[in-house]
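Residue numbers 12 to 178, in the working numbering, belong to the letters of the sequence shown in order.
Even for Gly, the Cβ is constructed at its ideal location relative to N, Cα and C.
Here the structure is a predicted model, which is why all the values come from computation and not from measurement.
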Amino acid sequence: MTLIEPYIAAYGSFAIFVIIYFEALGAPLPGESALIAIAALAARGDVDLAHALIGAFCGAVLGDSTGYAIGHFGGRPLLLRYGGWIRLTPERLGKFETLFQQRGIWIVMTARFVAVLRQLNGLIAGAVSMPWPRFLVANTIGAAGWVLLWGLGPYFAVDWFKAFMHH
12 MTLIEPYIAA
22 YGSFAIFVII
32 YFEALGAPLP
42 GESALIAIAA
52 LAARGDVDLA
62 HALIGAFCGA
72 VLGDSTGYAI
82 GHFGGRPLLL
92 RYGGWIRLTP
102 ERLGKFETLF
112 QQRGIWIVMT
122 ARFVAVLRQL
132 NGLIAGAVSM
142 PWPRFLVANT
152 IGAAGWVLLW
162 GLGPYFAVDW
172 FKAFMHH
């Protein structure tokens, strides 16, 4: 977290937007750590919490939506060709297709809370032709819950941790 904190402190909401956007698109970036760091900076008064949470939420929704578009328009051939780079074999893709057909809305809403699914859920949802309106609603709900948990939770816990550490 100390590695990304200077960037978040310097660029604030824009930094959190970029980090979360590219993490949601599949880049191996520390989204949760960045969100915790910006919450801690907001608790100190260094950044505006509302702007930070809006930046994180927009990055999460837009990143997953971009992944959905790539999956939708590039689809299955793209995943079959390059999926091996991210350990997405044809067999795993088949399992994901079945899961998304049965429980797609729940997968998208909760995927943000699971590291590997967070990066792949938009891409897979688009590739397996999950209907866009269902994806968008589930993506928005999941992003809101994730941002509130990892943004507000640490923000309000900072004072408690300070008191705990001083005793």
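Closest by CA to A63, which one among L163, R123, D170 and V169? Among L163, R123, D170 and V169, the Cα nearest to that of A63 belongs to L163.
Enclosing alpha helix (DSSP H) for D206 [first to last residue]: What the structure shows of the chain is the stretch from 12 to 178, and residue 206 is not part of that stretch, so it cannot be assessed.
Between A122 and G86, which are expected to be in contact by the criterion C-beta below 8 angstroms, what is the C-beta distance as a whole number of angstroms? About 19 angstroms separates the CB atoms of A122 and G86; that is not less than 8 angstroms, and the two are not in contact.
What are the start and end residues of the alpha helix (DSSP H) that includes D170? G164 to H177
Would M120 be called buried (16 or more neighbouring beta carbons within 10 Å of its own) or exposed? buried
By the 10 Å Cβ neighbour count, where 16 or more other Cβ atoms means buried, how is Q220 classified, buried or exposed? In the structure as shown, the chain begins at 12 and stops at 178. Residue 220 is therefore absent and cannot be evaluated.
With distances taken from CA atoms, which of P144, D75, G156 and L60 is nearest I135? Per the C-alpha coordinates, the member of P144, D75, G156 and L60 positioned closest to I135 is D75.
Three or more C-beta pairs under 8 angstroms: does that hold for the stretch 55 to 72 against the stretch 147 to 165? Because the criterion of three Cβ pairs below 8 angstroms is met, the stretch 55 to 72 and the stretch 147 to 165 touch.
V169: which of I116, I31, A54 and Y22 sits nearest, CA to CA? A54
Proximity of A35 and G94 at Cβ, strictly below 8 angstroms: no
Return the chain-ordered list of same chain residues with a C-beta closer than 8 angstroms to the C-beta of L90, the five sequence neighbours on each side being excluded. G82, L99, L104, L134, I135 and A138
Since I believe P165 is in contact with I30 (beta carbons under 8 angstroms), could you give me their beta-carbon distance rounded to a whole number of angstroms? With 8 angstroms as the limit, I30 and P165 do not qualify as a contact, their Cβ atoms being about 15 angstroms apart.
Threshold first: 4 residues or longer. Then list the alpha helix (DSSP H) segments lying entirely within the stretch 97 to 122, N to C. You should have 101 to 122.
Which of the three DSSP states is assigned to V29 in this structure? helix
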